[in-house]
Structures are given as C-alpha cells and as structure tokens.
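Single-structure report; data block below.
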Amino acid sequence: MAMNTSAKQIVNNPSETTVPSYTLSVAPMMDWTDRHCRYLFRQFSRCTLLYTEMITAPAIIYGDAERHLAHNPIEHPLALQIGGSKPNELAQAVMLGNKYGFKEINLNMGCPSGRVANGCFGAKLMTLPELASDCIKAMLDASDSVEITVKCRIGVDDDNPNQVLPKLIERFSNIGIKRIIIHARKAYLNGLNPKENRTIPPLNYGLVYAIKKHFSELDVCINGGITDLDQVTYHLGQGVDGVMVGRAAYQDPIRLLSEADTIIYGQPVHDSLDQALAKMVEYIDQEVTSGTPIRHITRHMLGLFTGQRGAKIWRRNLSSHEFMDQEGIQGIIKTLELLKSFETGVPLFEIESN
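Letter by letter, the sequence shown follows residues 1093 to 1446 of the working numbering.
Take a look at the structure:
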C-alpha cells in the first residue's frame, strides 16, 4: 500500500509559491461526488478543489436546501455546481449557496443528458448565448463575495468550436467571469447518450490551450480524458491555469490524489495511507451511529485498492450486502487487516469501533 511517485513535481518551494486550489480539481459527478465521497477524497488531498454533484436551482430553492448544501468543513476547498436556465432561480440558489461557505459557485453548461437539454440547461445553454448571459449576470449579481465560474464544452452538435467557443468565452469575460472550466470535447445532444458523450467526441486540447493564450486575463481550466498526475503536469506546462480530473479520481483515488498535495501544490503529505484509512473508518462509524446506511459510504470506496493485491477481495466484501449487513464496520476493519497482511504480514492498524 505504498504511495508511488511518478509525476514530475511542479512546485518545489511552497514558501515562495502560492498555488491556487483550482490548479487541480475533481469534477462534479452525478450520483458520485456526494458528501461521503468528498470526505473520502479529502483524506488523500487537502489542497485539491472538490465539487459537489450538480444540484438544480429548483432543488435548492424548493427542496431541502440543508440536505443539498450542508457539508463537513473538512471538505474545503469546496465548490458548488448549479444547473438551471432561469436567471431568477439561479440568483436565489446562489444567495442560498452563499450562506454555506462555498469557495466557488459554478454554472453547469456542459452536461449533455436529454433531461438537462429538455430543461434548456447544461450544454443546451451553450446554444442560447443570450439566455446564458442573463443567467450568469443574475448569478454574479447575487454572489456576494463568492466566485462565479462556468463549466462548458467546446461546442454542441454541429458547432464549429473554433468559431463558437471564442465568441462565447468573450461574452462571458465581458460579463465578469474570471475563470472557466472547459471540457475539451463537443457535446452531442442528438445521437449520443451521456456516457458516450464522455468518450466518443474527440478531445481537442489544442483549442483550450489557444483559448488561454487569446484570453490571457482569464483563468482557464482544462477537463476531459485526464487520468494521472503526469498528464496533469503536462497540461499545466502548456499554459492552462488548472486541470480538472473526473472518473479517474473516483475509480482510483489513492493513485490520483495521494501525491497531489506534494506534486501539484508543493505541500507535504499530511497523513500516511494507514492514517487516512483509519480516519475513514472513524468517519463511517460516526455516520452509521447517526443513522447513515453504511453502503451509502462504502459504495464510494470500491476503487481504493485498484491494481493492488487483494483489490478483488476488497471490492467483493464491500459490495456484498450480505457481508456488510452482517459485519458492518468490523467488516471493513477485517478486510483492511487482511489486505495489509498480504503485503507485510502486519495488521494495517488497530482501531476499536464504538
């Protein structure tokens, strides 16, 4: 369970360099980046910017805002992503979000799902620049001191990204947007489902680099198909201000996040892997005691030991309803002990559950 060092460290003296949290971020991912997932990620990186799942403005305004927006302080730096296309609703959602201390509130203009498109938000907003502008203005006016950002694709359907994207970015910049996250693929609202939209449209990193060069005053973050810290440092070397990773961080968080603080931010690793896992067990114990079903948390942990000996046993045990219902928190502890014994013959750690 040792941590690998493979990517080139880009910050050598943190006392001389202040690296923004958005230099590396983990994307908002529906059904994945909930508060339990973010707590897990935070055990491996203190500096990386995390995002909530996309939450629609109506859900925040008319639903249970506390359930949607409340989070553990350890999750910071943390950004809220909102979906919507009604300026007044987005403004209200931002005002509610202001109260929860988010570092940033982001407008989703990249989601390609049919449900989102039918609601005229997500990637559909890229095809409606006047409405998009009104939405952004409303969010900026309501934002107080919280930064408003936009996440978009390079184009939609038959767009020519080289023509459409610069005009859109210029419009957003003129309104007052200072940072934009660009997923370097088109979104196809007709013909591809959301899963296909994540892999089939070709990546065009060069266009994102060109956007940064042309709009040098903007902070531009790149997203799409980035799977390790070597790639992160490569993109940063091309001049962009930040890199956003997605499923790679979820599927193998130890590999992608455990060295991020050192390699990207020039900060020491705050915990050993054993300490991080021990804290996660303590968190699960507390949450289960307060009524959270254990599988709401363990479902995010299945990829922890990807590529390591015992990974299959880990996934099998934590995904087994029968095993987890019978063993509960002790099932996690026993499985961790077993994995550690594979490597060293020594228990991973000693921890008592209340």
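Glycine included, every Cβ here is placed at the ideal spot set by N, Cα and C.
Leaving aside the five residues before and after residue i along the sequence, list all residues of the same chain whose C-beta is less than 6 Å from its C-beta, in chain order.
i	result
residue 1192	1161
residue 1286	1204 and 1205
residue 1196	1171, 1239 and 1241
residue 1447	Only positions 1093 to 1446 of the chain appear in this structure, which leaves residue 1447 out of reach.
residue 1127	1163
residue 1273	1243, 1313, 1315 and 1336
residue 1340	1319 and 1348
Just list the residues that DSSP pairs residue i with in beta bridges.
i	result
residue 1164	Looking at the DSSP assignment, residue 1164 forms no beta bridge with any residue, so it has no partner.
residue 1198	1173 and 1241
residue 1334	1313
residue 1248	1279
residue 1263	Looking at the DSSP assignment, residue 1263 forms no beta bridge with any residue, so it has no partner.
residue 1272	1242 and 1312
Straight-line CA distance for residue i to residue j?
i	j	result
residue 1371	residue 1429	15 Å
residue 1449	residue 1144	Because the chain spans 1093 through 1446 in this model, residue 1449 falls outside it and cannot be assessed.
residue 1412	residue 1288	29 Å
residue 1111	residue 1398	29 Å
residue 1142	residue 1125	9 Å
residue 1343	residue 1395	5 Å
residue 1231	residue 1174	10 Å
residue 1268	residue 1377	45 Å
residue 1225	residue 1121	24 Å
residue 1404	residue 1364	23 Å
residue 1393	residue 1407	8 Å
residue 1235	residue 1337	26 Å
residue 1366	residue 1323	27 Å
residue 1335	residue 1382	36 Å
residue 1252	residue 1354	39 Å
residue 1292	residue 1219	20 Å
residue 1198	residue 1133	20 Å
residue 1414	residue 1155	34 Å
residue 1190	residue 1150	16 Å
residue 1233	residue 1227	10 Å
residue 1229	residue 1400	48 Å
residue 1257	residue 1384	44 Å
residue 1327	residue 1368	29 Å
residue 1179	residue 1186	10 Å
residue 1345	residue 1261	32 Å
residue 1212	residue 1221	12 Å
residue 1308	residue 1123	35 Å
residue 1247	residue 1357	32 Å
residue 1419	residue 1290	37 Å
residue 1146	residue 1184	16 Å
residue 1168	residue 1360	18 Å
residue 1259	residue 1200	18 Å
Can you round the beta-carbon distance between residue i and residue j to whole angstroms, since I take them to be within the 8 Å contact cut?
i	j	result
residue 1118	residue 1140	6 Å
residue 1297	residue 1276	5 Å
residue 1114	residue 1166	Going by Cβ atoms, the distance from residue 1114 to residue 1166 rounds to 19 Å, so no, they are not a contact pair.
residue 1116	residue 1352	6 Å
residue 1295	residue 1320	Contact flag wrong, Cβ pair sits at about 15 Å.
residue 1310	residue 1263	The pair is not a contact, with the Cβ atoms about 12 Å apart (cut-off 8 Å).
residue 1223	residue 1177	6 Å
residue 1362	residue 1159	Wrong, their Cβ atoms sit about 29 Å apart, outside the cutoff.
residue 1465	residue 1312	Nothing can be reported for residue 1465: it is not among the residues displayed for the chain, which extend from 1093 to 1446.
Once the 5 residues before and after residue i are set aside, which same chain residues still bring their CB inside 8 Å of it?
i	result
residue 1416	1386, 1387, 1390, 1409, 1410 and 1423
residue 1305	1331
residue 1282	1249
residue 1254	1299
residue 1284	1204, 1292 and 1293
residue 1129	1342 and 1392
Apart from the five residues on each side of it in sequence, which residues of its chain come closer than 7 Å, Cβ to Cβ, to residue i?
i	result
residue 1402	1430, 1431 and 1434
residue 1301	1330, 1331 and 1332
residue 1375	1131
residue 1202	1214, 1215, 1243, 1244, 1245, 1275 and 1279
residue 1379	1389
residue 1194	1170, 1171, 1172 and 1238
residue 1104	Summary for residue 1104: the model assigns pLDDT 38, below 50, so the residue's position carries little reliability; its value from the coordinates is reported in the next sentence. The residues are 1358.
Checklist entry - Taking only runs of the alpha helix (DSSP H) that begin and end inside the region 1381-1417, which ones reach a length of at least 4 residues, in chain order? => result 1387-1390 and 1403-1411
Next on the checklist: At 3 residues or longer, what runs of the beta strand (DSSP E) sit wholly inside the region 1105-1159?
Outcome noted: 1116-1118 and 1141-1148
Checklist entry - If you scan the region 1291-1322 from start to end, which runs of the beta strand (DSSP E) of 3 or more residues do you find wholly inside it? => result 1311-1315
Checklist entry - Of all the beta strand (DSSP E) runs that stay within the bounds of the region 1336-1371, which reach a length of 3 or more residues? => result none
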